[in-house]
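Asks: The structure is given below, and queries will be raised subsequently.
Numbering (the working numbering), first residue to last: 17 to 356.
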């Protein structure tokens, strides 16, 4: 799968050839803003004014009011990881807000203005952002795919079978790869800060190693017959691999159509057969389908997990490290009876 690579120097950054990632859309369909008849009226309207917005804003190098280069990420988890690498040399922003669902996000005109003014756009890749190719198709802004170098885990069920699971950051070990890619990209963007980015990246990778150890320790308390992790979305493949859990989910990837009767019935059967004591759902989706599983099986609802978004500052997971710790505690507590 092709990825955008950041190359040394601002001139070469600006001259990157634009390429598109495949759309995670088993039903097919055009990725073009202009010719997609099935797109919502809102998306078509946004596409029509994109050229006008770019004409008004231009694609010049973007700086914050304080003069720092602007780096725009696609969602809050990436923004937090990127900020730890950037320190105070770059102004890192997130396109989506805390609590927002990133998979099916619909960019706004304001988002397009922000993107056109950025010096670098950071996205996850692995088809997480189904809207991303459309969003950047007319932008002359360099971008970096932070998941490049990650060994993907393929989705094994439903229409998405064989496609990579995009939630690679749910392994802190993969997050270290994200950091390496960000260090390289930021050093190319701002060579004078390269030494600082390397130092920041090394310090943050140490914290990632520590939180990985905490994750393993937290879930090591689960007995062999209570190591099934049942969630709404199949977002925990990488975490399950790292910790030796068995993953089961209602649907593989958040989409407009969720929780078919067959998916719910299959999950109910799995929970009953394996006597799973607790099930979970994610913060950015409705837990209605999982509540049906709870009602049908007598299993407990173990709590809300965070994957695709951080919380706001006053919430339980304002940082990525908090997200991993929260999910580890919630999973361990739910499966051992200390339900939240």
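Ideal Cβ positions, reconstructed from N, Cα and C, are used throughout, including at glycine. Please read these numbers as outputs of a predicted model, since none were measured by experiment.
For the segment 242 to 306, list the beta strand (DSSP E) runs that are entirely contained and at least 3 residues long, ordered along the chain.
Replies: Qualifying beta strand (DSSP E) stretches, in chain order: 244 to 249, 262 to 267 and 294 to 298.
Asks: Given residue 337, which residues of its chain have a CB within under 7 Å of its CB, disregarding the five upstream and five downstream residues?
Replies: Within the same chain, residue 337 has close Cβ partners 223 and 227.
Asks: According to DSSP, simplified to helix, strand and coil, what is residue 170?
Replies: Strand.
Asks: Could you tell me whether the segment 246 to 253 touches the segment 142 to 161, where touching means 3 or more Cβ pairs closer than 8 Å?
Replies: As far as the Cβ criterion goes, the segment 246 to 253 does not touch the segment 142 to 161, which means the pair count is below three.
Asks: For the structure I just gave you, are there three or more beta carbon pairs, one from the segment 328 to 347 and one from the segment 301 to 309, closer than 8 Å?
Replies: No contact exists between the segment 328 to 347 and the segment 301 to 309.
Asks: How close, in whole Å, do the beta carbons of residue 254 and residue 184 come, if the pair is a contact with beta carbons under 8 Å?
Replies: That belief holds up - the Cβ atoms of residue 254 and residue 184 are roughly 6 Å apart, short of 8 Å.
Asks: Could you have a look at residue 85 and say whether DSSP puts it in helix, strand or coil?
Replies: Looking at residue 85 - three-state DSSP - the assignment turns out to be strand.
Asks: Using DSSP with H/G/I as helix, E/B as strand and the rest coil, what is residue 130?
Replies: If DSSP states are grouped into helix, strand and coil, residue 130 belongs with the helices.
Asks: Please look up how many angstroms separate the CB atoms of residue 234 and residue 345, rounded, as I've assumed it's under 8 Å.
Replies: With a Cβ gap of about 6 Å, residue 234 and residue 345 count as contacting.
Asks: Going by the CB atoms, is the gap between residue 177 and residue 169 shorter than 8 Å?
Replies: No.
Asks: Would you kindly check if the distance between the Cβ of residue 232 and the Cβ of residue 259 is under 8 Å?
Replies: In contact: residue 259 and residue 232 (Cβ atoms closer than 8 Å).
Asks: What separation, rounded to the nearest whole angstrom, lies between the Cα atoms of residue 353 and residue 293?
Replies: Whole-angstrom Cα-Cα distance: 8 Å.
Asks: Just the Cα atoms here: how many angstroms apart are residue 118 and residue 297?
Replies: Those two C-alpha atoms are separated by around 16 Å.
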